[in-house]
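Engineer: Okay, handing you the structure first.
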Amino acid sequence: MGAGVTFFFVSGISAGEVRDRVHEAGPWAPLVFIVVSAVLTVLFVPGPLLAASSGLLFGTALGVPISIASATLGAVLAFSIARWWGHDAVEHLAGPRIAAIREWIGTRGFRSVFYARLAPGAPYSLVNYAAGLAPISLRDFALATMIGCSPRAFAYTALGGSLDNLDSPEAIIAVVVLVLMAVIGLAPLIRERRRRLTESSGPETDL
C-alpha cells in the first residue's frame, strides 16, 4: 500500500489516474485492499500510511469506509493472535510498555480502547496486542476501535485522496479534524496529570 503512495510521487501521475487504474481491477480491489491492509496492520505498518493509501487509490468517499474496515479488521486479527493463538508468546515477549497498556485497558475496558484510538501518538498496534491479553471482550474491543478510529481514518484518507491538491477543502477539513482530535485526546491526559499532582501534594495543614 505504501508502494502506491511512493509510485504516485515518483511517476508524477495524478490521483485521478491512479484511481482509474485501480477501478480497472474491478470490484475486488477494495476487498483485496482491506485484507492486505489488515495483514499489514498486524505487522505494525503505520495506520496513517495505510489510510492515506486508501484515499489515494479509492478517493475519500469510498476510501474512508475501506480505511475503517481495514483498521478494525487488522486490530481484531492482532487481538485474536494475542488472545487465542499466540497468547503465551505475546505475553512472554511483552515488555513493560505492553504490560502497562494491558493493565490500563483491563481497568477501563471499552473506554480505554476508545480513548486510545482518539489520543494522539497512542501506539495503535501495541494496543491491539495488549487488549488481547486484557479482560475485555472482542465485541467491545472491535466496537471501540471502529468508532474511535473513524475520525482519524477520515482525516488521513482525505489527505491521501488530496495529495495532488493539498489546498482543497477536503484536505483543509482533514487537517482541522486532526487538530481537533489532538486537543480532544490530550484533554484527559491533562486532567489526569492535574489529579495526580493534587493527590501527591496532599491536603495542606496548618502548623
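Just so we're aligned, residue 418 is where the sequence shown starts under this note's numbering, counting upward by one. C-beta: ideal position from N, C-alpha, C; glycine also.
1. In angstroms, rounded to a whole number, what distance separates the CA positions of L583 and G577?
2. CB A561 to CB A591, shorter than 8 Å?
3. Starting from F571, trace the alpha helix (DSSP H) in both directions and tell me its first and last residue.
4. Alpha helix (DSSP H) containing G538: first to last residue?
5. Look at the Cβ atom of R514, then the Cβ atom of L543, and state whether they are nearer than 8 Å.
6. Just how far apart, CA to CA, sit A533 and Y541?
7. Quick one: any contact between the stretch 519-537 and the stretch 441-455, if contact means 3 or more CB pairs under 8 Å?
8. Does DSSP classify N545 as helix, strand or coil?
Structural biologist: Taking the geometry as given:
1. One C-alpha to the other measures close to 9 Å.
2. Contact: no.
3. Residues 555-578.
4. It is not in any alpha helix (DSSP H) - G538 carries neither H nor E in the DSSP assignment.
5. Contact annotation: R514 and L543 have beta-carbon atoms nearer than 8 Å.
6. Whole-angstrom Cα-Cα distance: 7 Å.
7. With a cut-off of 8 Å, the stretch 441-455 and the stretch 519-537 do not count as touching, because too few Cβ pairs lie within range.
8. Of the three classes helix, strand and coil, the one that applies to N545 here is helix, per DSSP.
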